[in-house]
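J.: Once you've had a glance at the structure underneath, I'll fire off some questions.
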Amino acid sequence: MSRLPVKKTYKLYVGGAFPRSESGRTYEAEGQNVARASRKDVRDAVRAARAAQPGWASATAYNRGQVLYRLAEMMEARVPEFAELCSGRDEVERSIDRIVWYAGWADKLPQVLGGSNPVAGPYFNFTVPEPTGVVGVLAPDEPSLLGLVTRLLPPLVGGNAVVAVASETRPLAAVELSEALATSDVPGGVVNMLTGFRAELGPVLASHMDVNALDVCGADGEAPELERLGAENVKRVVRGRADVQSPWEIARFLELKTVWHPVGQ
780 MSRLPVKKTY KLYVGGAFPR SESGRTYEAE GQNVARASRK DVRDAVRAAR
830 AAQPGWASAT AYNRGQVLYR LAEMMEARVP EFAELCSGRD EVERSIDRIV
880 WYAGWADKLP QVLGGSNPVA GPYFNFTVPE PTGVVGVLAP DEPSLLGLVT
930 RLLPPLVGGN AVVAVASETR PLAAVELSEA LATSDVPGGV VNMLTGFRAE
980 LGPVLASHMD VNALDVCGAD GEAPELERLG AENVKRVVRG RADVQSPWEI
1030 ARFLELKTVW HPVGQ
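And the structure:
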């Protein structure tokens, strides 16, 4: 007897689970019906990110690096699947290498971005980098996988939790990445992946009071309006680039805390 194949359902990734959109809506992209996230899905994702962020931030920097390296391992085992959903094997390998590169920075940030400051007085003065909190990311359309990884890793390395809106026209690579995240050691809620229309979801992220920073890399012409919405709640807005690799990208999602301590106590 012939059998019917089990077709894949392309869902959201929120809080470590794969729900459908609460609205039940889908839209067609890359020949598939993909979940179309709603305002409530954004709120659910932000709530999951806020709950997961303190635990992720309190993990040792070395541990965060190891967890992200594990994500690279999971992707390495699925290179053919990823290659079919982006421009090819080269983009997948560059994405994996980028994750490994950023993972290596996790325990080096305090030495590079922080330090001991000279002061006139009987005090020690230290600068310590700390995560901003919950970061919204609007991923670029191209390159669909490498662009998403490029904007996702800098906030993660520094201890932030992320709510990402995948490429609107090329979302399948993001769904595949969500499945790799779910099978890695990244705690549920640290990364939340939404698929849908940027024009619908971007303003919700920009105006959400519990989102601390927003990367508008994929926003294109909508960036000025998102910056205006973010300014109303004093949100940090970052105009990221789709293919850049630098420790200063991590710094854009960190706060610098200054600590004073009396000498001899």
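Residue numbers (the working numbering): 780 to 1044.
Every residue gets a Cβ at the ideal spot worked out from N, C-alpha and C, and that includes glycine.
Computed from a prediction, not measured in an experiment: that's the story for all the values here.
(1) Roughly how many angstroms separate the alpha carbons of G1009 and G1043, rounded to a whole number?
(2) Ordered along the chain, which non-local residues of its own chain (more than five positions away) have a Cβ less than 6 Å from that of E870?
(3) Under the rule that 16 or more other beta-carbon atoms within 10 Å means buried, what is S946, buried or exposed?
(4) Between which two residues does the alpha helix (DSSP H) containing N842 stretch?
(5) Using CA coordinates, which residue listed in L956, R782, A827 and P919 is at the minimum distance from V995?
(6) Rounded to a whole number of angstroms, what is the C-alpha to C-alpha distance between G1040 and G900?
(7) Among V970, L931 and V928, which one has its Cα closest to the Cα of A827?
(8) In angstroms with no decimal places, state the Cα-to-Cα distance between V936 and L1033.
(9) Could you spell out the range, first to last residue, of the beta strand (DSSP E) harbouring K1036?
(10) Tell me, please, whether the region 904-915 touches the region 950-963 by the rule of three or more beta-carbon pairs shorter than 8 Å.
(11) Which parts of the region 948-985 are runs of the beta strand (DSSP E), unbroken and 3 residues or longer, counting only runs that do not cross its ends?
(12) What does the alpha-carbon distance come out to for the pair G981 and V944?
(13) Please look up how many angstroms separate the CB atoms of V965 and V942, rounded, as I've assumed it's under 8 Å.
(14) Enumerated in chain order, which unbroken segments of the alpha helix (DSSP H) with a length of 4 residues or greater are wholly contained in the region 803-840?
T.: With the given structure in hand:
(1) 44 Å
(2) The residues are P922, L924 and L925.
(3) Buried, because 16 or more other Cβ atoms sit within 10 Å of the Cβ of S946.
(4) A840 to E855
(5) P919
(6) For clarity, residue 1040 is His in the given sequence; the question names Gly instead. One C-alpha to the other measures close to 11 Å.
(7) V970
(8) 10 Å
(9) L1033 to P1041
(10) no
(11) 970-973
(12) 8 Å
(13) Incorrect: roughly 14 Å between the Cβ atoms, too far for contact.
(14) 818-837
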